[in-house]
Amino acid sequence: MFLTQDDCQTVCPTYENPCGSDGDPCSQDLAVGEGGFLLTRYYFDKESRRCREFAYQGSKGNANNFLSQEDCELVCPVLPNPCRVGEPLLNALKEPIICGGEDSCINGYWCHVGGSPETTNCCPGTRRPCDLPLEIGQGSEQLERWFYDGGIQMCRTFTYKGMKGNSNNFLTKQACRQACKDVESCDQPVDLGTGSEDLPRWFFDKKQNRCAPFSYGGIGGNENNFISQVTCSEACPVYRNYCPHGIPLVDGNVVTACGIDRGCPDGFICHMSSEFNVSICCQPVDLGTGSEDLPRWFIDKKQNRCAPFSYGGIGGNENNFISQVTCSEACPVYRNYCPHGIPLVDGNVVTACGIDRGCPDGFICHMSSEFNVSICCQDPVDFCSAPRDPGPCTDFETRYGYNSASDTCVEYQYGGCDGTLNNFRSLQRCTEICCKEYKRKL
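Using the UniProt record's numbering, the letters of the sequence shown map in sequence onto residues 1 to 442.
Take a look at the structure:
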């Protein structure tokens with residue numbers, strides 16, 4: 001029994017409550033507590049909506065105190081961090097900046113475009129994306145993107161998971177090509193490299209202005225080093241490539257012309273380019289890989305006919321038929337009599353028209369003086385008023401479409417597939433077919 005409280009506390013240890021205040025942990029401020037300990041803990045930062053590490057002193061504090069970052073993120077509504085390294089750049093309100101393009105972030109950051117605005121932020125990192133390896137990232141998104149493959153010096157597509165990638169990540173092939181265009185590789189001399197390998201490669205020969213083969217040793221060398229003649233020709237064009245796919249047939253450094261009285265050799269088809277007003281021998285759509293030399297047929301959508309090619313035996317695509325008959329049965333084959341678009345077909349036969357036989361809605365009777373036939377073609381009134389649709393693909397190129405508000409044809413970027421017929425390769429062709437003012441002057 002003690003006469004005073006001081007006597008009691010002198011003799012006996014007093015109990016001190018180590019518990020902090022309770023309440024909603026996600027709404028509480030950081031409280032490091034009291035004591036002499038330095039315990040690694042995590043708290044929820046209300047301003048940035050991130051879980052951050054702090055040193056807890058061992059007692060007191062509050063409920064905004066978690067043993068791990070994972071525990072904190074399970075309890076509190078955190079913003080996702082899409083950055084592979086570090087954290088997104090914050091604005092004056094300490095909120096992550098939502099960026100919108102290549103130049104929308106300050107130096108030392110790049111614009112990470114995720115699957116939503118919340119994951120489209122300025123992330124720390126290099127502004128030299130072409131030097132970085134492919135990084136597919138983390139997450140559950142399935143985003144089609146492009147990256148620069150330094151090994152073959154080409155832009156290639158990949159599927160991005162939505163977060164934690166690097167800046168070698170482009171929305172379109174065009175953006176990738178613009179950022180990683182190597183203007184110096186074609187000017188460098190051939191370099192066989194070192195090593196004991198004997199790898200078949202191609203280089204651009206400036207003296208002869210053509211791509212030529214060489215044997216690469218496997219180590220070192222320079223960037224004038226290409227896996228194939230195709231990749232060399234795409235990087236260092238020695239002639240204008242009129243072909244829709246692959247490279248044209250060349251004799252020396254001259255493209256091989258073709259026509260009604262002059263065909264193309266096996267493995268090539270005669271492509272008529274209305275844009276450049278030339279007819280030249282082009283490779284088929286997809287030869288596949290392998291060492292086989294199998295005779296096959298494919299539908300050439302540019303000419304709307306079945307054409308032969310030599311299939312390598314591996315890969316390729318479904319536009320690959322055993323015979324001309326099976327190709328014709330699967331795909332409508334006909335001359336393209338229409339000035340734009342394709343004719344109306346019934347099965348595999350174009351629909352004729354005349355004085356006593358009209359065309360259904362959406363089509364007009366077009367008289368082709370070139371082929372001396374009258375067939376049903378798609379009505380410009382319909383397709384000229386259609387939207388200028390870039391389509392779902394990302395191999396962008398400049399096209400022209402009609403703008404009904406101004407009665408003019410305007411430039412836009414076409415992705416390479418689908419879309420609408422309000423799509424012309426030249427401004428002149430668009431103007432001739434769609435513009436009312438042009439037609440009134442005729």
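Built from N, CA and C at the ideal position, the CB exists for glycine as well.
Every value quoted in this text rests on a predicted model; they were computed, and no experiment measured them.
Is D71 helix, strand or coil when you go by DSSP?
Collapsing the DSSP output to three states places D71 in a helix.
So F383 is in the alpha helix (DSSP H); what residue range does that whole segment cover?
F383 -> alpha helix (DSSP H) spans 380-383.
Going by C-alpha distance, which of Y414, H366, V349 is nearest C338?
Closest by alpha carbon: H366.
What does DSSP give as the partner residues of M154 in its beta bridges?
In DSSP, M154 forms a bridge with D149.
contact_flag[the stretch 107-116, the stretch 68-75] where n(CB pairs < 8 Å) is 3 or more
Contact fails between the stretch 107-116 and the stretch 68-75, because fewer than three Cβ pairs, one in each stretch, are under 8 Å apart.
With a threshold of 16 other CB atoms inside 10 Å of the CB of R357, please say whether the residue is buried or exposed.
Exposed, because fewer than 16 other Cβ atoms sit within 10 Å of the Cβ of R357.
Apply the 10 Å Cβ neighbour rule to L199 and answer buried if 16 or more other Cβ atoms are within range, or exposed otherwise.
Around the Cβ of L199, a 10 Å sphere holds fewer than 16 other Cβ atoms; the residue is exposed.
Selection from G354, D361, S385 that minimises the alpha carbon distance to N372:
Looking at G354, D361, S385, the one whose alpha-carbon comes closest to that of N372 is G354.
Spatial distance of V183 from C155 (CA atoms)
Unreliable placement is indicated for V183, whose pLDDT of 43 sits below 50; the coordinate value is still reported in the next sentence. Pairing V183 with C155, the inter-Cα distance amounts to about 15 Å.
Short of 7 Å in beta carbon distance, which residues of its chain neighbour C434, apart from the five on each side in sequence? Order them along the chain.
Non-local beta-carbon contacts of C434 in its own chain, meaning distances under 7 Å to residues more than five positions away in sequence, involve P380, C384, Y402, C409 in chain order.
Coil, strand or helix - D389 by DSSP
In the structure shown, D389 sits in coil (DSSP, three-state: anything other than H, G, I, E or B).
Would you mind stating whether G33 and S68 have Cβ atoms separated by less than 8 Å?
It is not a contact, given that the beta carbons lie outside the stated cut-off.
Give every residue of the same chain whose Cβ lies closer than 6 Å to the Cβ of M1, excluding the five residues on either side of it in the sequence, and list them in chain order.
Same-chain partners within the cutoff: there are none.
Alpha carbon to alpha carbon, how far is P124 from M163? Give it in angstroms, no decimals.
Distance between the alpha carbons of M163 and P124: 13 Å.
Thinking S48 and L89 are a contact (beta carbons under 8 Å), I'd like their distance in whole angstroms, please.
Under the criterion of beta carbons closer than 8 Å, S48 and L89 do not qualify as touching, at roughly 11 Å.
Which whole-angstrom value describes the C-beta separation of C180 and C211, a residue pair presumed to lie in contact below a C-beta threshold of 8 Å?
C180 to C211, Cβ: 20 Å. No contact.
Tell me whether the stretch 159-178 and the stretch 186-194 touch, counting them as touching only if at least three CB pairs, one residue from each stretch, are closer than 8 Å.
With the rule of 3 Cβ pairs closer than 8 Å, the stretch 159-178 does not count as touching the stretch 186-194.
Span separating the alpha-carbon of L93 from that of Y109:
Across the structure, L93 and Y109 are spaced so that their CA atoms are roughly 19 Å apart.
Name, in chain order, the residues that DSSP records as bridge partners for G354.
The partner list for G354 (beta bridge, DSSP) reads R357.
Quick one: which unbroken alpha helix (DSSP H) runs of 4-plus residues sit fully inside the UniProt domain "BPTI/Kunitz inhibitor" (186-236)? Chain order, please.
Those alpha helix (DSSP H) runs which fall completely within the UniProt domain "BPTI/Kunitz inhibitor" (186-236) and span 4+ residues are 229-235.
So, for E411: in the same chain, excluding its five sequence neighbours on each side, which residues have a beta-carbon less than 7 Å away from its beta-carbon?
Beyond the five residues adjoining it in sequence on each side, E411 comes within less than 7 Å, by CB distance, of T398, Y400 in the same chain, given in chain order.
Give the single residue among K436, D389, C393, A405 whose Cα lies nearest to the Cα of F424.
Of the listed residues, the one whose Cα sits closest to F424 is D389.
Tell me the DSSP secondary structure of L427 in three-state form.
DSSP, reduced to helix, strand and coil, places L427 within a helical segment of the structure shown.
Apart from the five residues on each side of it in sequence, which residues of its chain come closer than 7 Å, Cβ to Cβ, to V349?
For V349, where only same-chain residues beyond five positions count, there are no Cβ hits under 7 Å.
By Cβ distance below 8 Å, which residues in the same chain neighbour L134 in space, the five residues on each side in sequence not counted?
Residues of the same chain with a CB within less than 8 Å of the CB of L134, apart from the 5 flanking positions on each side, are F147, D149, F158, N168 in chain order.
Using alpha carbons as the reference points, say which of C376, D346, P343 lies closest to C359.
Comparing alpha carbon positions, the residue from C376, D346, P343 closest to C359 is C376.
Buried or exposed (CB count within 10 angstroms, at least 16 for buried), R262
By the neighbour-count definition (other C-beta atoms within 10 Å, threshold 16), R262 is an exposed residue.
Could you compute how far the alpha carbon of C264 sits from the alpha carbon of G315?
Annotation: C264 to G315 spans about 24 Å, alpha carbon to alpha carbon.
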